[in-house]
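Chains as they are written, first to last, in the working numbering: chain R, 24 to 298; chain P, 24 to 298.
C-beta: ideal position from N, C-alpha, C; glycine also.
As the structure is a prediction and not an experimental result, all values here were calculated from the model.
Written below as structure tokens is the structure these notes are about.
There are 2 protein chains.
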Amino acid sequence: MTTEYSGTGDPKRSMELLWGTQDPPRRGPKPKLSVQRIVRTAIEVADAEGLSGLSMRRVADELGVTAMSLYTYVPGKAELIDVMVDTVHADHPRPAGDQNGDGDGDADADADGTGWRTGLERLARENWARYLRHPWLLQVATSLPVLGPHLLAKYDRDLTAVDGLGLTEIEMDLVVSLLHDYVYGAVRSVIEAARAEQRTGMTGEQWWETYAPLLEQVFDADRYPTASRVGSVSGAEYGAPSDPARAFEFGLQRVLDGIETLVRTRAAEPLAGQT
Amino acid sequence: MTTEYSGTGDPKRSMELLWGTQDPPRRGPKPKLSVQRIVRTAIEVADAEGLSGLSMRRVADELGVTAMSLYTYVPGKAELIDVMVDTVHADHPRPAGDQNGDGDGDADADADGTGWRTGLERLARENWARYLRHPWLLQVATSLPVLGPHLLAKYDRDLTAVDGLGLTEIEMDLVVSLLHDYVYGAVRSVIEAARAEQRTGMTGEQWWETYAPLLEQVFDADRYPTASRVGSVSGAEYGAPSDPARAFEFGLQRVLDGIETLVRTRAAEPLAGQT
DNA sequence: CCTAAATATCGTACACCGTATAGAGTGACG
DNA sequence: CGTCACTCTATACGGTGTACGATATTTAGG
Numbered sequence: 024m025t026t027e028y029s030g031t032g033d034p035k036r037s038m039e040l041l042w043g044t045q046d047p048p049r050r051g052p053k054p055k056l057s058v059q060r061i062v063r064t065a066i067e068v069a070d071a072e073g074l075s076g077l078s079m080r081r082v083a084d085e086l087g088v089t090a091m092s093l094y095t096y097v098p099g100k101a102e103l104i105d106v107m108v109d110t111v112h113a114d115h116p117r118p119a120g121d122q123n124g125d126g127d128g129d130a131d132a133d134a135d136g137t138g139w140r141t142g143l144e145r146l147a148r149e150n151w152a153r154y155l156r157h158p159w160l161l162q163v164a165t166s167l168p169v170l171g172p173h174l175l176a177k178y179d180r181d182l183t184a185v186d187g188l189g190l191t192e193i194e195m196d197l198v199v200s201l202l203h204d205y206v207y208g209a210v211r212s213v214i215e216a217a218r219a220e221q222r223t224g225m226t227g228e229q230w231w232e233t234y235a236p237l238l239e240q241v242f243d244a245d246r247y248p249t250a251s252r253v254g255s256v257s258g259a260e261y262g263a264p265s266d267p268a269r270a271f272e273f274g275l276q277r278v279l280d281g282i283e284t285l286v287r288t289r290a291a292e293p294l295a296g297q298t
Numbered sequence: 024m025t026t027e028y029s030g031t032g033d034p035k036r037s038m039e040l041l042w043g044t045q046d047p048p049r050r051g052p053k054p055k056l057s058v059q060r061i062v063r064t065a066i067e068v069a070d071a072e073g074l075s076g077l078s079m080r081r082v083a084d085e086l087g088v089t090a091m092s093l094y095t096y097v098p099g100k101a102e103l104i105d106v107m108v109d110t111v112h113a114d115h116p117r118p119a120g121d122q123n124g125d126g127d128g129d130a131d132a133d134a135d136g137t138g139w140r141t142g143l144e145r146l147a148r149e150n151w152a153r154y155l156r157h158p159w160l161l162q163v164a165t166s167l168p169v170l171g172p173h174l175l176a177k178y179d180r181d182l183t184a185v186d187g188l189g190l191t192e193i194e195m196d197l198v199v200s201l202l203h204d205y206v207y208g209a210v211r212s213v214i215e216a217a218r219a220e221q222r223t224g225m226t227g228e229q230w231w232e233t234y235a236p237l238l239e240q241v242f243d244a245d246r247y248p249t250a251s252r253v254g255s256v257s258g259a260e261y262g263a264p265s266d267p268a269r270a271f272e273f274g275l276q277r278v279l280d281g282i283e284t285l286v287r288t289r290a291a292e293p294l295a296g297q298t
């Protein structure tokens, strides 16, 4: 399977698209479409069929026009994707207990001075949920050059979750980046596992059953004793080669623990300058 | 810019390629090529020009044959990439102080019972270095279905770094996944920043100078006070919109701190079963 | 009202991709 | 030698993003 991966378009054009006011033209035939409509349609297509299913012709068909018509509204596919990325960051999703029990009874945590932890956890789960809703986000390069209004608003929301903890501004930025990076890496595993299941038509369990004999045959448990031991135990426990959702829950707590260590240090010695 | 992203090929065919003994054919003309040579060439092309520059025709040209000749050795492009992935995990790179000072003087750390930390840090830096050497790895789906000999050996090496810490097998697997996921997310930021620089021809500093006025104009510091404050401070400190390499160094220490919390807990109460 | 400018849309075309298919050339074995 | 297995090539198909030119539509200016 080959999926498309698209980076960033011309930053100047994208920024104009993202920030510019599209004033309606004064002359010529009335536009049948709008950038918004095109972007919404493109997001629907990408959500349903992945980035590989997103083509200019496909979006145009969906809208009842030819592919070239889209180029009246959008400089190119890369810039279209840039706007798509900014658009899906517009919603403020409520996680509402997405995976396991939501922390409704964690009021005591706030009393410990760790209320920030709930906020960071919510941030992470929001990102997690967005990636699950729009898996194609994993394939697009959200590099800095394109910073739309919704991404900017999200950046602000994220930062408020680490404000007032005694961290420097740099540290606040770094903590937010840490969470983003981890969630990105973790969610990627889940989505790839899901895609693999969909593609091969076999669940993780079936895969395990199919390839376990081959692996055992080729494995050489003497050479790789640790992998052998851990692999068999975790394979039995997961009922699959891996359990990425569980890995996310586990890893998230460890990352938050690591941040807590930093926060405690800063609370104890507010002005120690070691980044 | 549009880059290719390739997932996994047919697992059965890939596994055969990865594990099977390719016995030389008994009849017919002598093969000019070999899977190894094709894979090596493909890796060189991908390293130099990215996954978007990797095409069957391109590799074939490099080898002086037609594109279709490759299909004698390899079932398809996806399976070729699967073998490429396994191949680049063959080396055991020595980080040798890749970013900052290597921990040569950290013998005292071992006395603290935190020698594992050095091992995990080395693991993370090895992965980090591999991604920098083969950035196209970020675009390929290394989902479980394809598990080659070198990946398996690496899995074993990784696990030994968390062996003997009192963790359960599941926890060992989860800790390794955590490190992998974080490194993946962090290195992605660096590579995307580098690609953005290369593509736009402007450094992060130049980007900052170009778009700072536009952002200030559109920003509304009253609506987003936190982002405004942090953005300006970090922008000034980085001299760029972000500093992903620094983010990696910072985040890695936080992640290791989080793992340390877990290890300490397990050392204190060896048999508490809460995963 | 009429014309001319501006705009939207369409049809065609190009270079590229992965690869299916068919055929031509090569070399070892019966 | 003939046959059969095998490698390699040539051609072709349907897909991609998008450059280019023609056509249709709307409105501003005379």
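For a quick check, are the C-beta atoms of residue i and residue j less than 7 Å apart?
i                     : j                     : result
residue 162 (chain R) : residue 74 (chain R)  : yes
residue 62 (chain P)  : residue 110 (chain P) : yes
residue 199 (chain R) : residue 181 (chain R) : yes
residue 291 (chain R) : residue 202 (chain R) : no
residue 158 (chain P) : residue 214 (chain P) : yes
residue 253 (chain P) : residue 195 (chain R) : yes
residue 68 (chain P)  : residue 60 (chain P)  : no
residue 90 (chain R)  : residue 101 (chain R) : no
residue 137 (chain R) : residue 280 (chain P) : no
residue 249 (chain R) : residue 243 (chain P) : no
residue 41 (chain P)  : residue 171 (chain P) : yes
residue 208 (chain R) : residue 208 (chain P) : yes
residue 108 (chain R) : residue 165 (chain R) : yes
residue 190 (chain R) : residue 289 (chain R) : yes
Alpha carbon to alpha carbon, how far is residue j from residue i? Give it in angstroms, no decimals.
i                     : j                     : result
residue 57 (chain R)  : residue 96 (chain R)  : 7 Å
residue 118 (chain P) : residue 151 (chain P) : The predicted model places residue 118 (chain P) with a pLDDT of 45, which falls under 50 and marks its position as unreliable; any figure quoted below should be read in that light. Whole-angstrom Cα-Cα distance: 9 Å.
residue 256 (chain R) : residue 193 (chain P) : 7 Å
residue 275 (chain R) : residue 114 (chain P) : 30 Å
residue 210 (chain P) : residue 247 (chain P) : 28 Å
residue 187 (chain P) : residue 176 (chain P) : 19 Å
residue 286 (chain P) : residue 143 (chain P) : 13 Å
residue 212 (chain P) : residue 222 (chain P) : 15 Å
residue 76 (chain P)  : residue 204 (chain P) : 26 Å
residue 206 (chain R) : residue 174 (chain R) : 17 Å
residue 160 (chain P) : residue 98 (chain P)  : 20 Å
residue 183 (chain P) : residue 225 (chain R) : 31 Å
residue 64 (chain R)  : residue 230 (chain R) : 35 Å
residue 55 (chain R)  : residue 39 (chain R)  : 21 Å
residue 127 (chain R) : residue 241 (chain R) : With a pLDDT of 44 at residue 127 (chain R), under the threshold of 50, the modelled position of that residue is not reliable, and the figure given next carries that caveat. So the two alpha carbons sit approximately 49 Å from each other.
residue 272 (chain R) : residue 261 (chain R) : 14 Å
residue 139 (chain R) : residue 251 (chain P) : 20 Å
residue 66 (chain R)  : residue 78 (chain R)  : 11 Å
residue 238 (chain R) : residue 220 (chain R) : 19 Å
residue 232 (chain P) : residue 169 (chain R) : 14 Å
residue 123 (chain R) : residue 88 (chain P)  : Unreliable positioning characterises residue 123 (chain R) in this predicted model, as indicated by a pLDDT of 40, which lies under 50. The coordinate reading is nonetheless provided below. Their backbone Cα atoms lie some 55 Å apart in a straight line.
residue 282 (chain R) : residue 234 (chain R) : 39 Å
residue 236 (chain P) : residue 228 (chain P) : 13 Å
residue 145 (chain R) : residue 72 (chain P)  : 39 Å
residue 153 (chain P) : residue 270 (chain R) : 23 Å
residue 70 (chain P)  : residue 141 (chain P) : 29 Å
Could you give the first and the last residue of the continuous alpha helix (DSSP H) run that contains residue i?
i                     : result
residue 97 (chain P)  : Element bounds for residue 97 (chain P): n/a, residue is neither H nor E.
residue 265 (chain P) : It is not in any alpha helix (DSSP H) - residue 265 (chain P) carries neither H nor E in the DSSP assignment.
residue 163 (chain R) : No alpha helix (DSSP H) holds residue 163 (chain R); DSSP gives it neither H nor E.
residue 75 (chain R)  : No alpha helix (DSSP H) holds residue 75 (chain R); DSSP gives it neither H nor E.
residue 154 (chain P) : 138-156
residue 208 (chain P) : 192-223
residue 172 (chain R) : 172-183
Considering only heavy atoms of the ligand MG, does any lie closer than 6 Å to the CB of residue i?
i                     : result
residue 272 (chain R) : Because no ligand of any kind appears in the structure shown, any question about the ligand MG cannot be addressed here.
Check distances from the C-beta atoms of the stretch 239-269 of chain R to those of chain P and list, in chain order, the residues that come in under 7 Å. Against chain P - using a Cβ distance shorter than 7 Å - the residues of the stretch 239-269 of chain R are 241, 247, 249, 250, 252, 253, 256, 257, 260, 264, 265.
Give, in chain order, every residue of the stretch 277-294 of chain P whose Cβ lies closer than 9 Å to some Cβ of chain R. Taking 9 Å as the cut-off between beta carbons, the residues of the stretch 277-294 of chain P near chain R are 277, 278, 279, 280, 281, 282, 283, 284, 285, in sequence order.
If contact means a Cβ-Cβ distance below 8 Å, which residues of the stretch 173-188 of chain R contact chain P? So the close ones are 175, 176, 178, 179, 182, 183, 186.
Return the residues of the stretch 223-236 of chain P that lie within a Cβ-Cβ distance of less than 8 Å from chain R, sorted by chain order. Those residues of the stretch 223-236 of chain P that come within reach of chain R (Cβ to Cβ, closer than 8 Å) are 223, 227, 230, 234.
With 9 Å as the C-beta to C-beta threshold (strictly closer), list the residues of the stretch 86-102 of chain R near chain P in chain order. Those would be 100, 101, in chain order.
Evaluate the contact criterion for the stretch 257-277 of chain P versus the stretch 215-227 of chain P: three or more CB pairs, one atom per stretch, below 8 Å. They touch, by the three-pair rule.
Check each residue of the stretch 41-69 of chain R: if its Cβ is closer than 8 Å to any Cβ of chain P, include it; give the result in chain order. So the list reads 42, given in the order they occur along the chain.
Taking a cut of 8 Å between CB atoms, which residues from the stretch 195-212 of chain R lie near chain P? So the close ones are 195, 196, 197, 198, 200, 201, 203, 204, 205, 206, 207, 208, 209, 211, 212.
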